[in-house]
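Quick note on numbering: numbering that gives the first Met the number 0 labels position 226 of the sequence shown as 225, and the sequence is numbered without any gaps.
We put the CB at the ideal spot given by N, CA and C, even for glycine.
Reviewing the structure listed below.
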Amino acid sequence: MPDIKTTPDPNRKAKLEAFDRLLTIMDELRENCPWDKKQTLETLRHLTIEETYELSDAIIENDLDEIRKELGDLMLHNVFYARIASEKKAFDITDVLNGVCDKLIERHPHIYGDVEAEDEQTVKANWEKIKLKEKGNKNPSVLGGVPKSLPALIKAMRIQEKARGIGFDWEKKEQVWEKVEEEMQEFKAEFNAESAEEIDKEKAGQEFGDLLFSLINYARFIDINPEEALERTNKKFIKRFQFLERESAKDGKSIGNMTLAEMDEYWEKAKQH
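Printed below as a string of structure tokens:
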């Protein structure tokens with residue numbers, strides 16, 4: 000392995016001691032706490048998903064203290080899974096850590112080998128090619144590594160990123176925008192807002208999916224994370240709607256009995272806050 004220079008970490012000892020402390024506590028809880036004794040890989044799964052979304056919320060809010068707490072929760076889950084697996088004689092935390100270290104070294108030949116990569120895109124392209132080589136005949140598709148259970152919007156992002164990794168992508172953002180406009184026209188043809196005719200929901204749904212996929216693609220080209228952008232809009236809508244509820248209640252009005260015009264007045268006020 001080449002001699003790679005890194006900045007000395009003055010806190011490395013404290014970090015190792017903290018990780019050792021977590022491992023000790025995990026062992027103590029697993030062997031003594033009734034709740035921890037009962038947990039399985041399956042029972043922890045939905046809790047891990049919840050913790051991941053809580054971390055996502057904290058990142059979007061840029062709440063560093065909350066990010067610290069949520070990272071701790073996820074670290075605990077990682078150690079918990081490894082402890083359960085060790086009981087099954089499958090693997091332990093050593094195998095987990097060495098496995099990811101080996102993978103990082105293998106997939107960064109521009110750092111640990113003689114491959115050259117001057118920019119981020121080249122690094123990503125090399126990463127995807129190495130992943131394909133690792134899979135061999137088990138799962139030869141570039142898209143095989145995209146989890147089936149990912150939310151559709153995030154899945155679309157990952158699909159596009161992986162396709163780009165092997166060179167299957169548009170060259171310019173103008174081409175992508177042309178595709179957005181093309182999909183918009185096709186959707187409009189299936190769902191004409193000015194017509195009272197009943198639409199073919201299946202076809203319209205397909206065209207709408209194509210339109211969303213092209214918008215996600217364009218967002219990627221202009222370096223916007225569409226999932227994060229949509230979540231920020233969700234939060235903005237919630238904030239304004241709750242302002243509407245709160246301020247109308249102060250005026251003695253019931254939101255369920257207000258007209259759209261009345262609600263819109265509060266909505267416009269909410270946009271100023």
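Between the alpha carbons of E201 and R157 lies a gap of roughly 25 Å. Secondary structure note for I3: it is in no alpha helix (DSSP H), with a DSSP letter that is neither H nor E. The three-state reading of DSSP puts D250 in coil, since its state is none of H, G, I, E or B. DSSP places P33 in the uninterrupted alpha helix (DSSP H) bounded by P33 to K37. With a cut-off of 8 Å on Cβ pairs, the region 163-176 is in contact with the region 110-126, counting three or more such pairs.
When DSSP states are grouped into helix, strand and coil, H107 belongs to the coil group. By the Cβ criterion, the region 209-216 is not in contact with the region 231-239, since fewer than three pairs of Cβ atoms, one from each stretch, lie closer than 8 Å. Note on the region 138-215: there is no whole beta strand (DSSP E) run with a minimum of 3 residues.
Shown here for V175: same chain residues with a beta carbon closer than 8 Å to its own, the five before and five after excluded, namely W169, S213, N216, Y217 and F220 in chain order. E50 sits buried, since 16 or more C-beta atoms from the chains shown fall within 10 Å of its C-beta.
In this structure, I110 is the residue among L152, I110, I153 and E119 with its C-alpha nearest to the C-alpha of K4. Short of 7 Å from the beta carbon of H272, and not among the five residues preceding or following it, lie these beta carbons of its own chain, in chain order: F242. Taking the C-beta atoms as reference points, I83 is found nearer than 7 Å to L40.
By the criterion of at least three beta-carbon pairs nearer than 8 Å, the region 79-95 is in contact with the region 25-35. With fewer than 16 other Cβ atoms from the protein chains shown falling within 10 Å of its own Cβ, K14 counts as exposed. With distances taken between CA atoms, E189 lies nearest to D199 out of D199, A195 and L103.
Under the three-state reduction of DSSP, G255 is assigned to helix. Of the candidates L46, S253 and K161, K161 places its Cα closest to the Cα of G144. Of all alpha-carbon atoms in D118, E86 and E185, the one lying nearest the alpha-carbon of D209 is that of E185. By the neighbour-count criterion, in which 16 or more other beta carbons inside 10 Å mark a residue as buried, E16 falls on the exposed side.
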